[in-house]
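Numbering (numbering that gives the first Met the number 0), first residue to last: 0 to 431. Don't be surprised by glycine CBs; every beta carbon is placed ideally from N, CA and C. Only a predicted model underlies this, so the values are computations on that prediction, with no experimental measurement involved.
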Amino acid sequence: MDTAQESAPSQCPVSRVRVDTLDAMQQVLRSKAVEENADVSADNYVCPNALAATNVREFQQGNLAMSNGDVHRQRRRLLNSLVRPEQLVRFREDIILPSVDRWMSRMVRQDAAGAYGCDLAGVVELIFLEFAAKIIGIEGVESEEGMARLRGCALPIFGGLSAAHFEDRQGVTDAGIAAKKVFVEEFYRPSLEHTREQLKKLEAGELTEEEVPLNLLQMIATRAHESYADEDVGIKEAILFFVATTGTSVQAVLSTVEYLLDWFEKYPEDRACVEDMEFISNALQEALRLRAPFVPFLTRLAVEDLDTGEVQLKAGDEVQAWVARAGRDSAVFGSDANEFNPRREVPEGTSRYGLAFATGPHQCLGLRAVLGNDGKSGSHLRLVQGLFRAGIRRDPHVPVQTLPLKHSDDPRDQIPTYISFPVILDNWSTRA
0 MDTAQESAPS QCPVSRVRVD TLDAMQQVLR SKAVEENADV SADNYVCPNA
50 LAATNVREFQ QGNLAMSNGD VHRQRRRLLN SLVRPEQLVR FREDIILPSV
100 DRWMSRMVRQ DAAGAYGCDL AGVVELIFLE FAAKIIGIEG VESEEGMARL
150 RGCALPIFGG LSAAHFEDRQ GVTDAGIAAK KVFVEEFYRP SLEHTREQLK
200 KLEAGELTEE EVPLNLLQMI ATRAHESYAD EDVGIKEAIL FFVATTGTSV
250 QAVLSTVEYL LDWFEKYPED RACVEDMEFI SNALQEALRL RAPFVPFLTR
300 LAVEDLDTGE VQLKAGDEVQ AWVARAGRDS AVFGSDANEF NPRREVPEGT
350 SRYGLAFATG PHQCLGLRAV LGNDGKSGSH LRLVQGLFRA GIRRDPHVPV
400 QTLPLKHSDD PRDQIPTYIS FPVILDNWST RA
């Protein structure tokens, strides 16, 4: 059993409890005895400090992920309408796949040796930024300049929301706050005003419902939940969606590509399997099992005592759920659980992706968006398939770059956050 309980420093009145096995984590995350808490998430609970309090104030307090009880249930029901099956088909066919062709065509360049290539991290980020803009309702990204400005916000805001996990917390936080200012002043507020104008025209019969598709800003503009009357809550809700639809999606696609490139080197006969959507789905789920949520752990606060058999929680304890470690639980996924294997046999009733989307009341809204309603038709899968059809391989002359997390000697915690991922596309010149 890897579950461990750590004694907090003597000046701190509570304990940190670390959970890193699949069964125990499922029980903890599904229990009403634990709740989300912004101070715990920002590492401002056991030993409060000014920098952590800044992370709470600027990025976390009040968003959906940090709400609980009736407020969470009510807002969750509202937001579920953004990922209904028909919405997911629209996102895939009308937004993401056309965006793939457009941004790949713009960003792929031929080098002096005649090879076609690009920085895949940048291209994938642009694709999912366009998706984020649509699902949130952000305007001003129709031009390359507008998209570039929004893109400059993405990684810093991801860092600001997750700053407790990064080595240079001060620098990451400062960059996140600066990016948040740009996001709010140049995109959020103008887009919210545009949404209000659109809704007025809809009510007046000047626009149809098809011309005003549902998005997050409509819910905020109409105060579909009373908490949206607070501008700060609306901003943080939009930031959460922004990070969830860009940062995590980008890292999921890049990790899947990296793992598959290694797999095809060992098993070249499997490269033909890029036409098999079940194989691609299994590969992406394996990458998620090993790395998601792309930070070492999620957090919760115990509000009641809980005994799972493996874990004993007391009310007031801080819980660290080491999700990627649980995804490598050898008791569930086998003796090779630390390895990527898209042909892995998974026990019945166990998700191939482990707990990458969490579980319980705070399970990620994006599960169906990533995998599709049938598990084999999601936009992320189609993107990965298209990259391998284009003959993707690593650029042998330019290394990848990552944002350093806090150091850990445990290889299970060494989860890269890609900043740059240079690739060559051997089949690009043959594209129609």
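Beta-carbon proximity of residue i to residue j, cut-off 8 angstroms
i, j, result
"K179", "I238", "yes"
"N79", "A163", "no"
"Q59", "A37", "yes"
"T298", "Q26", "no"
"I279", "V383", "yes"
"G385", "L424", "no"
"D412", "P341", "no"
"V70", "L300", "no"
"G139", "S190", "yes"
"T245", "A111", "no"
"E208", "L201", "yes"
"Q197", "V181", "no"
"I234", "V183", "yes"
"M276", "K375", "yes"
"F186", "F130", "no"
"V88", "I126", "no"
For residue i, the nearest candidate out of the options (CA to CA)
i, options, result
"F165", "R367, Q384, L50, A301", "L50"
"A282", "V232, C117, R222, H379", "H379"
"A291", "S407, R388, V369, F58", "V369"
"P395", "F387, P415, K405, P421", "P421"
"T172", "A52, E338, V232", "A52"
"P403", "D167, D100, E129", "D167"
"P398", "N62, E338, C117", "C117"
"R105", "I94, E143, A112, I95", "E143"
"S40", "K31, R56, L201, R29", "R56"
"V322", "W102, T358, G333", "T358"
"E338", "G377, F387, P410, E274", "P410"
"S30", "D42, G68, N43", "G68"
"R381", "P47, R76, R75, I94", "I94"
"P267", "R327, A228, F387, G333", "F387"
"S226", "R75, Q284, V107", "R75"
Same chain, Cβ closer than 6 angstroms to residue i, five either side skipped, listed in chain order
i, result
"P84", "N372"
"V345", "R351"
"Q400", "I418, S419"
"F356", "Q362, C363, L366"
"Q250", "F293"
"K313", "D304"
"G175", "P155, I156, G158, G159"
"V18", "T2, M24, V27, V310, A320"
"Q169", "none"
"Q10", "Residue placement at Q10 cannot be trusted, given a pLDDT of 41 that sits under 50; what the coordinates show is reported in the next sentence. Result list for Q10: empty, nothing under 6 angstroms."
"R343", "none"
"D42", "A51, A163"
"Q109", "Y115"
Residues near residue i in its chain [Cβ-Cβ closer than 7 angstroms; skip 5 each side]
i, result
"F263", "D269, R270"
"E257", "none"
"T500", "With the chain covering 0 to 431 only, the question about residue 500 has no answer from this structure."
"R392", "L260, V422, I423, D425"
"S428", "Y115"
"A325", "D19, T20, L21, M24, G353, L354"
"D231", "G61"
"M0", "Residue confidence is low: M0 scores 40 on pLDDT, short of 50, so the model does not pin down where it sits. Its coordinate-derived value is still stated next. So the qualifying residues of the chain are T20, E309."
"A64", "E35, L239, H361"
"S329", "A336"
"L253", "L119, A120, V123, Y417, F420"
"V242", "I156, F157, L160"
"A228", "R222"
"G145", "G139"
"R288", "G326, R351, Y352, G353, A355"
Short CB-CB distance (under 8 angstroms) between residue i and chain D
i, result
"H193", "Considering every chain present, this structure includes no chain D. It has just one protein chain."
Contact set for residue i: own chain, Cβ-Cβ below 8 angstroms, skip 5 residues either direction
i, result
"L215", "L78, L81, I134, I135, G136, E236, A237, F240"
"P97", "none"
"A147", "none"
"I414", "R290, F293, V294, P295, A323, L404"
"S407", "P295, Q413"
"A177", "P155"
Nearest-angstrom beta carbon gap, residue j and residue i [assumed within contact, 8 angstroms]
i, j, result
"L119", "R150", "In fact, because the Cβ distance is near 14 angstroms, the residues do not count as touching under 8 angstroms."
"T247", "A286", "The Cβ separation is near 12 angstroms, so there is no contact."
Exercise. Identify every run of the alpha helix (DSSP H) within the region 264-296, keeping only runs that are complete inside it and at least 4 residues long; order them along the chain.
Key: 276-290
Self-check item: Ranges of the alpha helix (DSSP H) found wholly within the region 51-114, counting only runs of at least 4
Solution: 68-79, 84-89, 96-106
Quiz prompt | Length at least 4, wholly inside the region 128-165: the alpha helix (DSSP H) runs in chain order | solution = 143-160
Self-check item: Inside the region 340-378 only - alpha helix (DSSP H) runs reaching at least 4 residues
Solution: Those alpha helix (DSSP H) runs which fall completely within the region 340-378 and span 4+ residues are 366-370.
Quiz item: In chain order, which continuous runs of the alpha helix (DSSP H) of length 4 or greater are located wholly inside the region 217-260?
Solution: 230-244
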